[in-house]
Amino acid sequence: RSVSLIFGPEGGWTEAERSAGVESGWVRCSLGAMILRAETAIVSALAVTQAFLCSVADSRPLSE
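Numbering of the sequence shown is given in my numbering, commencing with residue 6 and proceeding in unit increments.
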């Protein structure tokens, strides 16, 4: 399995950047209305992604 995450700039994505991402096959998602520091956003997104993938798969950790 492979997952790539990209994080927006401090000021947020422009509409052109969002459109280009979607046209390139990226799936948009959000951690909600909260504005997080970059360090916090990365850890939060990784935790949510791992929890989602484990629940969709067979509940094994990604490292196995």
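Here a beta-carbon is modelled for each residue, glycine too, at the ideal position from N, C-alpha and C. No experiment lies behind these values; they were computed from the predicted model shown.
Is the distance from the Cβ of Ala46 to the Cβ of Phe12 below 8 Å?
yes
Based on Cα-Cα distance, which residue from Val8, Pro14, Glu28 lies nearest to Glu44?
Pro14
According to DSSP, is Thr45 part of a helix, a strand, or is it coil?
helix
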